[in-house]
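Trainee: Have a look at this one.
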Amino acid sequence: MTTTGVAAQDTWSRLPVGPREHRQDALLALALAVGLTISTVLYWSSAVYDEVAPWWVTALMVVANAGPLVFRRRFPMTVAVVVALAFAATQLLHVPEGLFINFTLFIGLYTVGAWCSDRVRAESVRWTVIAGMFAWLFLAIVFRWSVPSALPNEGDSIVPPFVASSLLTIVINLVYFGAAWYSGNRAWASAVAGHALRERTSELAVERERTAAQAITLERVRIARELHDVVAHHVSLMGVQAGAARRVLDRDPAQAATSLSVVEDSARTAVEELRRMLGTLRETNGTTEPDPTAGPDDSGRTTAPSTDSIDRIAGLADAATTAGHPARYTVVGAPRPVPPTVATVAFRVAQEAVTNVLKHAGPGASVDLRLRWLADAIEVEVTDTGIGSRASRQPTEEEPVGTPGSGLGHVGMRERVAAVGGTVEIGPRARGGFLVRAWLPTT
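The sequence shown begins at 1 in our numbering and counts up one residue at a time.
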C-alpha cells in the first residue's frame with residue numbers, strides 16, 4: 001500500500017453510512033430471516049433432529065440470527081458478537097437449522113473486517129469470536145470421542161473414521177472463518193484505495209487549476225517579453241532617428257531624409273514582426289483566426305514563427321551605426337548550424353543589448369558586437385563606451401544623455417538564456433561602458 005493509502009487508513013472512516021446502505025441492510029436481514037424460516041420448517045419436517053426446540057424458541061432464534069444484521073454497518077462489532085452468540089444458542093437449544101445461520105455469522109465477521117475504522121478493535125473482536133467458535137468445536141469433538149457409541153464404526157480406511165471426521169470438521173471451519181477474515185480485509189483495503197484515489201483525483205484537479213493559472217501567467221510573461229523585444233528596439237531606433245532628423249532638418253535635409261528612411265524601415269519591420277507574432281498566438285488547433293488588421297493582400301494566413309537567425313545580428317550593428325552609435329561586428333570562429341531556439345535567443349540578447357545602448361548609453365557611445373563560435377556553444381558579447389545610468393549631467397536638446405531603465409530587459413535576457421541552459425553576464429565594465437555577454441550551448 002502506498003503512503004497515501006496508509007495515511008487514509010489511519011485517518012479515514014467508512015462510517016457513518018447513509019440511508020441507502022441502511023435500506024440494503026434491512027433487505028438483507030429480511031431475506032435471511034425468510035431463508036431461516038423456510039430452512040427450519042424443512043429441517044423440522046425432515047425429522048433429521050431427534051429432539052427439536054419449541055416453535056417459539058425457533059422463532060426467537062430466527063430473529064436473533066437475522067435481526068441484528070439490520071444494524072451491521074452501524075455497529076459492526078456489536079452485531080458480530082450478537083450473531084455469534086445467536087449461532088451458538090441455535091445449536092445448544094436444538095433449533096432445527098444448519099444452513100442459513102452459517103451465512104449470518106459469515107456476514108457478521110465480514111462486516112467487522114470491511115467496515116470498522118478501528119482496525120485494532122476489529123482484529124480483537126474477530127479473533128475473540130473465532131477463538132470462541134474453535135473452542136466450542138474442540139469441546140464438541142472431545143465430547144464425541146468420549147461417547148464410544150457416537151463414533152463411526154471402524155472400517156478399512158487409512159485414517160480412522162472418527163479422526164477423519166474431526167479433521168474434516170476442523171478444515172471446513174478453517175476455510176469458513178479464513179474466508180470471512182480475508183474477504184473483510186480485502187473489502188476494507190479496496191475501500192481505502194478508492195478513498196485514496198478520490199483524494200488524489202481531487203488533488204490533481206486542484207493542481208490542474210493551479211497549473212493552468214501558472215501557465216496563463218507564464219504565457220503573459222512570454223508575450224510581454226516578445227512585445228518588449230520587438231517593440232523596444234524599433235521604437236528606440238525610431239525615436240533616435242526622428243530626433244536626429246529634427247535637429248538637422250534645416251541645415252542638412254539629405255541627412256534628415258536618411259534618418260526618416262530609417263524610421264520608416266523600423267516602423268515597417270516592427271509592424272511585420274508584431275503581425276507575425278500575433279498570427280502565431282491566434283493559431284488554434286492548426287487553424288488561424290483572420291487578422292482584422294490585415295491589408296488588402298493578406299488572407300489571414302500566417303507563416304511559421306520566426307527563428308531570427310544569427311545572421312541578423314550584423315543588421316543590429318548597422319542600425320546602431322545609423323542611429324549615431326558607431327558599431328563594429330566581429331565573428332570569431334567558423335559558423336555552423338545551431339538549434340533555432342539558440343539562434344533566436346542569441347539574436348534577442350544582442351537586440352536587447354543594442355536597444356539599451358540606444359536608450360541609455362548617451363550620445364557618441366560606440367558599440368562592439370562579437371559572436372564567438374566555440375566547440376559546443378556560441379557566445380554573444382555586446383559592449384559599449386557609453387555612460388548609461390551613471391549619467392549625472394543635465395541633458396540638452398543637442399546632447400541628451402542616457403536615462404536609467406526599468407531593468408525588465410535584463411530580466412528578459414536572463415530568462416531567455418536560462419531557458420536554453422546558458423549563462424549571461426550583465427553589468428558595467430571597470431574601464432567604463434556596459435557589458436552583456438551570453439554563453440549559449442549548442443549541443
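In this text, a Cβ means the ideal position worked out from N, Cα and C, and glycines have one as well.
Consult DSSP for Leu358 and reduce its assignment to one of helix, strand or coil.
Mentor: Here residue 358 refers to the residue found at position 358 when the sequence shown is read from its first residue. Three-state result, Leu358: helix.
Trainee: Tell me where the alpha helix (DSSP H) around Ile38 begins and ends.
Mentor: Start at 1 with the first residue of the sequence shown, and residue 38 comes out as number 38. Element bounds for Ile38: Pro19 to Ser46.
Trainee: Determine the DSSP secondary structure at Thr330, reduced to helix, strand or coil.
Mentor: Along the sequence shown, one-based indexing puts residue 330 at 330. Note: Thr330 maps to strand in three-state DSSP.
Trainee: Can you tell me where the beta strand (DSSP E) with Leu440 in it begins and where it stops?
Mentor: The residue you call residue 440 lines up with position 440 of the sequence shown. Per DSSP, Leu440 belongs to the beta strand (DSSP E) from Phe434 to Pro441.
Trainee: Do Ala64 and Val82 count as a contact pair if the criterion is CB distance below 9 Å?
Mentor: The residue given as residue 82 occupies position 82 in the sequence shown. The residue given as residue 64 occupies position 64 in the sequence shown. Taking 9 Å as the Cβ cut-off, Val82 and Ala64 qualify as a contacting pair.
Trainee: Compute the beta-carbon to beta-carbon distance between Thr111 and Pro161, rounded to the nearest angstrom, for a pair I have assumed lies under 8 Å.
Mentor: Translated into the one-based positions of the sequence shown, residue 111 becomes position 111. Translated into the one-based positions of the sequence shown, residue 161 becomes position 161. So it is not a contact: roughly 37 Å between Cβ atoms.
Trainee: Pull up the DSSP beta-bridge partners for Gly427, would you.
Mentor: Your numbering for residue 427 matches position 427 in the sequence shown. Answer by DSSP bridge pairing, in chain order: Leu435.
Trainee: Between the region 256 to 266 and the region 330 to 348, are three or more C-beta pairs nearer than 8 Å?
Mentor: No, because fewer than three Cβ pairs between the region 256 to 266 and the region 330 to 348 fall closer than 8 Å, the two stretches do not touch.
Trainee: Check Pro290 in the structure and name its three-state DSSP category.
Mentor: Residue numbering aside, residue 290 sits at position 290 when the sequence shown is read from its first letter. Because Pro290 sits at a pLDDT of 42, beneath the cut-off of 50, its placement in the model cannot be relied upon, and the following sentence gives the value as read from the coordinates. Looking at Pro290 - three-state DSSP - the assignment turns out to be coil, as it is neither helix nor strand.
Trainee: With a threshold of 16 other CB atoms inside 10 Å of the CB of Ala180, please say whether the residue is buried or exposed.
Mentor: Taking the first residue of the sequence shown as 1, we reach residue 180 at position 180. Per the 10 Å Cβ criterion, buried.
Trainee: From Lys359, Arg372 and Pro326, pick the residue whose C-alpha is nearest to that of Ile335; which is it?
Mentor: Against the sequence shown, residue 335 aligns to sequence position 335. A small correction: the amino acid at residue 335 is Pro; Ile does not occupy that position in the sequence shown. Nearest of Lys359, Arg372 and Pro326 to Pro335, Cα basis: Arg372.
Trainee: Quick one: is Arg431 buried, meaning 16 or more other Cβ sit within 10 Å of its Cβ, or exposed?
Mentor: On the sequence shown, position 431 is the one that residue 431 refers to. Classification of Arg431: exposed, given that the 10 Å Cβ count is below 16.
Trainee: Which residues bound the alpha helix (DSSP H) around Leu374?
Mentor: Position 374 of the sequence shown, counting from 1, holds the residue named residue 374. Per DSSP, Leu374 belongs to no alpha helix (DSSP H) and is neither H nor E.
Trainee: Once the 5 residues before and after Phe87 are set aside, which same chain residues still bring their CB inside 6 Å of it?
Mentor: The sequence position of residue 87 within the sequence shown is 87, counting from 1. The answer, listed in chain order, is Ile101 and Leu105.
Trainee: Does any residue of chain B bring its CB to less than 9 Å from the CB of Arg328?
Mentor: In the displayed structure, chain B is absent; only one protein chain is listed.
Trainee: Using a Cβ-Cβ cut-off of 6 Å (strictly less than) and excluding sequence neighbours within five positions of Leu168, which residues of its own chain qualify?
Mentor: Here residue 168 refers to the residue found at position 168 of the sequence shown. Around Leu168: no qualifying Cβ.
Trainee: Considering only residues of the region 173 to 230, which uninterrupted beta strand (DSSP E) runs meet the minimum length of 3 residues and lie entirely inside it, listed in chain order?
Mentor: Entirely contained in the region 173 to 230, not one beta strand (DSSP E) run reaches 3 residues.
Trainee: Count the other C-beta atoms from every protein chain shown that fall within 10 angstroms of the C-beta of Glu273, then say buried if there are 16 or more, exposed otherwise.
Mentor: Here residue 273 refers to the residue found at position 273 when the sequence shown is read from its first residue. Under this definition Glu273 is a buried residue.
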